[in-house]
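Those protein sequences? They're chains A and B, same order as listed.
Just so we're aligned, residue 997 is where the first sequence starts under our numbering, counting upward by one.
Just so we're aligned, residue 7 is where the second sequence starts under our numbering, counting upward by one.
Worksheet: the structure to be examined is printed underneath.
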Amino acid sequence: MNKGLILIGYSLRRVRTLVLSMASLLALFQVFLIIVADSLHRNGSFEQLGELMPPFVRQLLGPSFIGFMSFGGIVSLGYFHLAVVGSLVGLSIALGTTPTSEIETGFIDLILSRPVARHLIITRSIAVMVISTVAVLLMMLIGTFGGLNVFAAAGATWPKRSLILSLASNLALLMLSWNAIAMAIGAASRRRSVAGGLVGLLALTMFLLDYVARAWEPAERVAWLSPFRYYNPFEMLTGEPLSVKNLIVLAGISVCGFAAAYFLYNRRDITH
Amino acid sequence: MTTKGATTPAVSIQGLTKRYGKLTAVNKLNLEADSGEILGFLGLNGAGKTTTIRILLDLLRPTDGTASILGYDCQKQSLQARAVVGYLPGELGVYLDLTGLEVLNLLAQLGSRPLNKKYRHELQERFEFPDKDLRRKLREYSTGMKRKLGLLQSLESDPPLLILDEPTEGLDPVTQESFYELLSDLKNRGRTVFMSSHVLSEVARVCDRVALLRAGQLALLSSVEEIRKLAPRRARVLFSEDVKLNESLPSGYQMIEVKPRVWTLAVESTLGGLLKVLAPLPVQDLELEEPRLEDVLIKYYRDDAR
């Protein structure tokens, strides 16, 4: 069997518990949000909730606020809730630093003492990330559409399928871009904790930058640096189509990150 | 698997240098291991042994110089070079949630030769490492069991060249004995072994030649027999009554230990001069010990430590 496929199979077996657990939890979270949205819908509470929001939040969200304070908006929240985005970025960083972990433990010594090309280690990690991303988002979609069919009350306006798929696609590329950044930094590191911590800190900084820039003009000038800038769920909630520009930028970050990972991993000394 | 010509050295290292910033780990090292020999690769900690081994496996990239395995350049033809090597690292880095069998099967699949289950079982029997142990998670393994697993993974493809870093570290005496017997069998089958070790008695027993590294440079390269010749013999003189050493010994003799009825001397020349000194003394017996490899190597180690 092809050595790349052997490595992919082995790595998938190693991460399957983590990925499937997270996928199941996030799928359940989608169902939970549908139950919450259904309850709000039945009680007619969306308007009351809206009034409870401070004016600056309404101003910050703009027209998307109305879209958000709806059955469809609450259901869609499962694709941009801070906990969801945070855990998916965390998963991306964990998978992206797998090559670093193999160096740290010394396991890579055994693998690379066989006739295995170094680039296969990175290719394997990208393949595992893509498969994991598809698995997690597929489970989330199953949670959403399954939950809607089972729990949504008649008369509730479901979010458009195109909206959910757009959110999922954009989120997938956001995950991939953080995976690529983690892999590039990990390819130059000896310790997974250092690489993971550094990328985690960077992700938090970029998230805050994007968040602050929405309300503070000076931060807006550098907010283009943040990958989170290229995931705008609230715009999509107002009916804006999925931005191709955003997808291209995130894909570009991913390609650059993976290219850097290939380059650095190929040149580095494997030492632990 | 084809390898280059029969006269090609199993390992050839030419002007190999590895620097980490200001630190030079290996310095213009030249060394060859012939096909079919067991070469002991010695040196104190930090002498550059593991760095050299890792360059051979293309885990580290040299600053200068070249290394080749059976004619394949370790950097430019790395895949071909690694296809003919079995490697045992100094420390076996494994994930503890895997079983020994999972590790072996994965590594066998990544190797260049199809797995020979019969040979694997033969090795398991030699090392007393049954299937039930292989099915256990590695977190349940003792140091010795991990070492046995390391040996199995390096040996099971029966490669032409074995690179072993401290192979008997952590092994019990019975398994060590089995390992020495296995090395002898491998040598008889024309396999080459390039092994680092700190156990000098082991080196003296199994190696054909010894390469000793000091501060990243080759300090000694010779056959075990030649090195033994460099070592002084030891003479032990037993007296029937207490004696005192009144005069200095002639050149070629060095007193190692003096007790009232026993002298232990290092003899670097013939025994004639010593017999003259002993003639007036109440000698009861004179014992001569064979030269020991350790005596020469320890001297080199001490020079290194200074």
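The C-beta atom is built at its ideal place from N, Cα and C for all residues, glycine as well.
Since we're looking at a predicted model, the values are computed, not measured.
Does the Cβ of residue i have 16 or more other Cβ atoms within 10 Å, making it buried, or fewer, making it exposed?
i: M7(B); result: Confidence at M7(B) is low in this model, with a pLDDT of 45, below 50, so its placement is unreliable and the value that follows should be read with caution. By the neighbour-count rule (16 or more Cβ atoms within 10 Å), M7(B) is not buried but exposed.
i: V1015(A); result: buried
i: T58(B); result: buried
i: N1145(A); result: exposed
i: R1120(A); result: buried
i: I1266(A); result: buried
i: T1013(A); result: exposed
i: N1228(A); result: buried
i: N36(B); result: exposed
i: K24(B); result: buried
i: W1174(A); result: buried
i: V100(B); result: buried
i: L276(B); result: With the sequence shown as reference, residue 276(B) is identified as Thr, and Leu is not the correct amino acid for it. That one is exposed.
i: E1100(A); result: buried
i: W1220(A); result: exposed
i: S257(B); result: exposed
i: Q1026(A); result: buried
i: Y78(B); result: buried
i: M1171(A); result: buried
Between the options, which lies nearest to residue i when the distance is taken from Cα to Cα?
i: G104(B); options: Q1044(A), R1009(A), P1155(A); result: According to the sequence shown, residue 104(B) is Leu rather than Gly. Residue R1009(A) is the option with its Cα nearest to L104(B).
i: H1037(A); options: I1070(A), R1186(A), F1025(A); result: I1070(A)
i: A272(B); options: G77(B), L255(B), A285(B); result: L255(B)
i: T14(B); options: A73(B), T58(B), G49(B); result: A73(B)
i: R298(B); options: A241(B), R195(B), S246(B); result: A241(B)
i: S1007(A); options: F1025(A), F1042(A), I1104(A); result: I1104(A)
i: V230(B); options: L206(B), F185(B), L284(B); result: L206(B)
i: L1292(A); options: G1074(A), V1085(A), Y1258(A); result: Nothing can be reported for residue 1292(A): it is not among the residues displayed for chain A, which extend from 997 to 1268.
i: P1155(A); options: P1050(A), L1137(A), W1212(A); result: L1137(A)
i: G1092(A); options: S1128(A), L1106(A), V1081(A); result: S1128(A)
i: T30(B); options: Q223(B), L116(B), E131(B); result: Q223(B)
i: P288(B); options: A53(B), V268(B), L294(B); result: V268(B)
i: L292(B); options: L281(B), V302(B), D139(B); result: L281(B)
i: L189(B); options: D178(B), E208(B), Y259(B); result: E208(B)
i: N1242(A); options: A1183(A), L1001(A), A1168(A); result: A1168(A)
i: S1066(A); options: I1160(A), S1088(A), D1034(A); result: D1034(A)
i: G52(B); options: I61(B), L219(B), T181(B); result: L219(B)
i: R88(B); options: L121(B), P68(B), I169(B); result: I169(B)
i: R67(B); options: V32(B), L50(B), K154(B), I44(B); result: V32(B)
i: G1139(A); options: R1263(A), L1021(A), I1122(A), C1252(A); result: L1021(A)
i: Y259(B); options: P266(B), V243(B), E131(B); result: V243(B)
i: L1163(A); options: F1028(A), G1068(A), M1202(A); result: G1068(A)
Could you list which residues in chain A have their beta carbon closer than 8 Å to that of residue i, in chain order?
i: S118(B); result: R1110, P1111
i: E5(B); result: Residue 5(B) lies beyond the residue range present for chain B, which begins at 7 and ends at 312; the question has no answer from this structure.
i: Y101(B); result: R1010, T1101, F1103
i: Y93(B); result: D1105, L1106, S1109
Could you please give the first and the last residue of the uninterrupted alpha helix (DSSP H) stretch that includes residue i?
i: K999(A); result: 999-1039
i: S1185(A); result: Looking at the DSSP string, S1185(A) is not in any alpha helix (DSSP H), and its letter there is neither H nor E.
i: A210(B); result: 206-212
i: F1259(A); result: 1240-1263
Please list the terminal residues of the continuous beta strand (DSSP E) segment that includes residue i.
i: M151(B); result: Looking at the DSSP string, M151(B) is not in any beta strand (DSSP E); the run it does join, the alpha helix (DSSP H), is 149-161.
i: V264(B); result: 259-265
i: Q290(B); result: 289-295
i: K34(B); result: 29-39
i: L22(B); result: 17-26
Residue i touches chain B at which residues, Cβ-Cβ below 8 Å?
i: T1267(A); result: R60, L65, L66
i: Y1261(A); result: Per Cβ cutoff of 8 Å: no residues; Y1261(A) is ~12 Å from chain B at best.
i: F1258(A); result: A small correction: the amino acid at residue 1258(A) is Tyr; Phe does not occupy that position in the sequence shown. The premise fails here: Y1258(A) is roughly 16 Å from chain B at the closest Cβ pair, so nothing lies under 8 Å.
i: Y1075(A); result: Per Cβ cutoff of 8 Å: no residues; Y1075(A) is ~32 Å from chain B at best.
Whose Cβ in chain A lies nearer than 7 Å to the Cβ of residue i?
i: L85(B); result: P1111, A1113
i: Q159(B); result: L1106
Under 9 Å Cβ-Cβ, which residues of chain A neighbour residue i?
i: R88(B); result: L1108, S1109, R1110, P1111, V1112
i: Y147(B); result: In chain order: nothing, as chain A lies at least about 15 Å away.
Cβ closer than 9 Å: which chain B residues qualify as neighbours of residue i?
i: I1002(A); result: L112, Q115, L116
i: K999(A); result: Q115, L116
Applying a beta-carbon distance threshold of less than 7 Å, which residues of chain B neighbour residue i?
i: Y1226(A); result: Under the 7 Å cutoff, chain B gives no residues; its nearest Cβ is about 35 Å from Y1226(A).
i: Y1006(A); result: L112
Checklist entry - Which parts of the region 214-240 of chain B are runs of the beta strand (DSSP E), unbroken and 3 residues or longer, counting only runs that do not cross its ends? => result 215-220, 223-229
Next on the checklist: As an exercise, report each continuous alpha helix (DSSP H) stretch of at least 4 residues that is fully enclosed by the region 1168-1221 of chain A, in chain order.
Outcome noted: 1188-1209, 1213-1216
Checklist entry - In chain order, which continuous runs of the alpha helix (DSSP H) of length 4 or greater are located wholly inside the region 117-146 of chain B? => result 123-132, 137-140
Checklist entry - Looking at chain E, which residues of the region 197-220 of chain B have a Cβ within less than 8 Å of any of its Cβ atoms? => result The structure shown contains no chain E; its protein chains are A and B.
Item to check | Continuous alpha helix (DSSP H) assignments of at least 4 residues falling wholly in the region 1050-1119 of chain A | outcome: 1051-1057, 1060-1064, 1067-1072, 1078-1092, 1094-1101, 1103-1108
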